[in-house]
Amino acid sequence: MENPDINITIIDREGVKHQIEAPTDMAMNLMEVVRSYELAPEGTIGICGGMAMCASCQCYVLSETELPEMQDDEEAMLSEAFNVKDNSRLGCQIQMTPEMEGLEVELAPES
Amino acid sequence: MITTDILIIGAGPTGLFTVFEAGLLKLNCHLIDALPQQGGQCSELYPKKPIYDIPAYPEILAGDLTDKLLEQCKQFEPGFTLGERAETIEKQEDGSFIVTTNKGTQHKAPVVAIAGGLGSFEPRKPLIDNITDFEDCGVEYMIKEPELYRDKKVVIAGGGDSALDWSIFLSDIASSVTLIHRRNEFRGHLDSVEKVQELKNLGKINLITPAEITGINGNGKVESVEVTKKDEEPILVETDHFIPLFGLSPKLGPIANWGLEIEKNAIKVNNALDYQTNIPGIYAIGDVNTYPGKLKLILCGFHEATLMCQSAYQIINPGKRYVLKYTTVSGVDGFDGTRKEAPKAVVKAID
Chain H
1 MENPDINITI IDREGVKHQI EAPTDMAMNL MEVVRSYELA PEGTIGICGG
51 MAMCASCQCY VLSETELPEM QDDEEAMLSE AFNVKDNSRL GCQIQMTPEM
101 EGLEVELAPE S
Chain F
1 MITTDILIIG AGPTGLFTVF EAGLLKLNCH LIDALPQQGG QCSELYPKKP
51 IYDIPAYPEI LAGDLTDKLL EQCKQFEPGF TLGERAETIE KQEDGSFIVT
101 TNKGTQHKAP VVAIAGGLGS FEPRKPLIDN ITDFEDCGVE YMIKEPELYR
151 DKKVVIAGGG DSALDWSIFL SDIASSVTLI HRRNEFRGHL DSVEKVQELK
201 NLGKINLITP AEITGINGNG KVESVEVTKK DEEPILVETD HFIPLFGLSP
251 KLGPIANWGL EIEKNAIKVN NALDYQTNIP GIYAIGDVNT YPGKLKLILC
301 GFHEATLMCQ SAYQIINPGK RYVLKYTTVS GVDGFDGTRK EAPKAVVKAI
351 D
């Protein structure tokens, strides 16, 4: 069977680069991958549970990887969040798929 | 001074179910919550969203779950201190605790159960260097007393329902209302968006989008704010008040200073026994606690609340005997004099 894991890079809030394997067959999103590797302290990421309602999983997309288009609720949340840049996304709205091999993101500061 | 048997910090699902379980043991409860209503996250963040993993409910809206928990515990007459945040705790010589809120309300109980979820909801503050210097001197993160703004110049920032609704409301009271949002689109009820559009056309709301507040000026109180539109030079808008409305985010808050063992932003408890913390008499249940294998699920909070109440009973009634009863067998006797019980089986002979 083909390996359902992809290789992605996550830069944590301290600037440390982590190369990790993310499963694509467990319906996990990027926020959950970060939590499963404990790359940000529990309670500082994914606070709303993944409903695009808190922006605690905001990250900056550094690679050219093609990602799912932003939906209204994500866009609305980012319009009220802090430290937002043009490449900001909410990790909870990015479901891991095999096409995301090589994805590189940096976690936005806690706010 | 409010006195009770179990003082519960947090009126979310876990706190509310604790009232029921405590009631079965004839223990009274009082709950403190920083939010103005019961339900915690369920009512503050997602009242209209469905939950699918409450046993026996294939689907239930978070708001409805709150209503049902309130109905279930009603006959045990819980007391509530809402809109106040538990600030300090002091252990008394008799072993009981006094918990005081940020508004000075005092509560005394032999047992404290922290069911604080992710913490108390605090307003999210925009990243402006000197904003804290102006707090309560023209900067308010929530509107408590609209009359404060009568005939004053007001700047509101934000793009959600509360920014829209307050802009509409204050347009009748304040001498001027300026609404500033980072985008041209607002996320709110269609009615509110249309109303703001109408008031803008009438010149009653000054709308500046897409823009951000990038500075606050004033001598001891807010006199103007610096508004920056993308790729433009900042402009100054004169104002008496600046009201940033960017929603609420939960913070563990003062509980973190109560001398409890904290790990991963949660309170460590003894999960082998009764969810007691490192301070005897103080328990932590639901999303606020942590132990090996912890899962932050409402259903786990219910289980933890149930075990916690049995342990609390021993503290409150030392040495007193008790056996677990089934509600189907013994019914439920409310503190309000009501009684619920299973109907008796019909006994009739067949000729």
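In order, the protein sequences belong to chains H and F. Using the numbering used here, read the first sequence as starting at 1 and increasing by one per residue. Using the numbering used here, read the second sequence as starting at 1 and increasing by one per residue. Each residue gets a CB set at the ideal place from its N, CA and C atoms; glycine is no exception. The model shown is predicted, which means the values in this text are computed figures rather than measured ones.
- Under the DSSP assignment, GLU198/F falls in the alpha helix (DSSP H) whose first and last residues are 190 to 201.
- Secondary structure of GLU140/F (DSSP, three-state): coil.
- Going by DSSP, ALA40/H is part of no beta strand (DSSP E) at all; its letter is neither H nor E.
- In the same chain as GLY188/F, and ignoring 5 residues on each side of it, the C-beta atoms closer than 7 Å to its own belong to GLY160, ASP161 and LEU164, in chain order.
- For the stretch 31 to 57 of chain H, residues whose beta-carbon sits nearer than 9 Å to a beta-carbon of chain F comprise GLU38, PRO41, GLU42, GLY43, THR44, ILE47, CYS48, GLY49, MET51, MET53, CYS54, ALA55 and SER56.
- A Cβ of chain F is located within less than 8 Å of the beta carbon of ALA76/H.
- Against SER88/H, chain F offers no close residue; the least beta-carbon distance is about 12 Å (beta-carbon pairs closer than 9 Å).
- Taking the Cβ atoms as the reference, LEU170/F lies roughly 5 Å from TYR149/F, within the contact range of under 8 Å.
- Within the DSSP bridge table, the entry for TYR283/F names ALA113/F and GLN276/F as partners.
- When secondary structure is reduced to three states using DSSP, ALA22/H falls in the strand class.
- Between GLY102/H and MET31/H, the C-beta gap is not smaller than 8 Å, which leaves the two residues out of contact.
- Here DSSP, grouped into helix, strand and coil, assigns GLY218/F to coil.
- DSSP, reduced to helix, strand and coil, places GLY331/F outside both helices and strands of the structure shown, so it counts as coil.
- In the three-state reduction of the DSSP assignment, GLY50/H falls in the coil class, being assigned neither a helical nor a strand state.
- At a cut-off of 3 residues, the continuous stretches assigned as beta strand (DSSP E) that sit fully inside the stretch 210 to 272 of chain F are 211 to 217, 224 to 229, 235 to 238, 241 to 244, 248 to 251 and 266 to 268.
- Counting along the chain, TYR291/F sits inside no beta strand (DSSP E), nor does DSSP assign it H or E at all.
- SER249/F belongs to the set of residues whose beta carbon lies under 8 Å from a beta carbon in chain H.
- None of the residues of the stretch 59 to 93 of chain F has a beta carbon lying less than 7 Å from any beta carbon of chain H.
- At a beta-carbon threshold of 8 Å, none of the residues of chain H lie near ARG339/F; the nearest stands roughly 39 Å away.
- Counting along the chain, LYS68/F sits inside the alpha helix (DSSP H) bounded by residues 62 to 73.
- Contacts with chain H (Cβ-Cβ distance below 9 Å) from the stretch 141 to 160 of chain F involve GLY158, GLY159 and GLY160, listed in chain order.
- Sequence-distant Cβ neighbours of LYS221/F in its own chain, meaning closer than 6 Å and more than five residues away, are CYS137 and GLY138.
- Counting along the chain, ASP5/H sits inside no alpha helix (DSSP H); it lies in the beta strand (DSSP E) bounded by residues 5 to 11.
- Not a single C-beta of chain H is nearer than 8 Å to the C-beta of LYS229/F.
- If you compare the alpha carbons of THR24/H, ASP25/H and ILE10/H with that of HIS18/H, the shortest gap goes to ILE10/H.
- With at least 16 other beta carbons inside 10 angstroms of its own, LEU107/H counts as buried.
- By the neighbour-count criterion, in which a residue is buried when 16 or more other Cβ atoms sit within 10 angstroms of its Cβ, ASN3/H is exposed.
- With its beta carbon less than 8 Å from one in chain H, TYR46/F belongs to the interface.
- Beta-bridge partners of HIS30/F (DSSP): LEU7/F and GLY79/F.
- Judged by DSSP secondary structure, PHE17/F falls within the alpha helix (DSSP H) whose first and last residues are 13 to 24.
- Closest in alpha carbon position to GLY253/F, among THR306/F, PHE20/F, ILE9/F and PRO244/F, is ILE9/F.
- Residue nearest to ARG13/H within the set MET96/H, MET100/H and ASN83/H is ASN83/H (criterion: CA-CA distance).
- A distance below 8 Å separates the beta carbons of ALA22/F and CYS309/F.
- Inclusion of LYS108/F and HIS241/F in the CB contact set at 8 Å is not warranted, their separation being larger than that value.
- Here VAL269/F is buried: its Cβ has 16 or more other Cβ atoms, across all protein chains shown, within 10 Å.
- In the three-state DSSP reduction, HIS107/F falls in the strand class (E or B).
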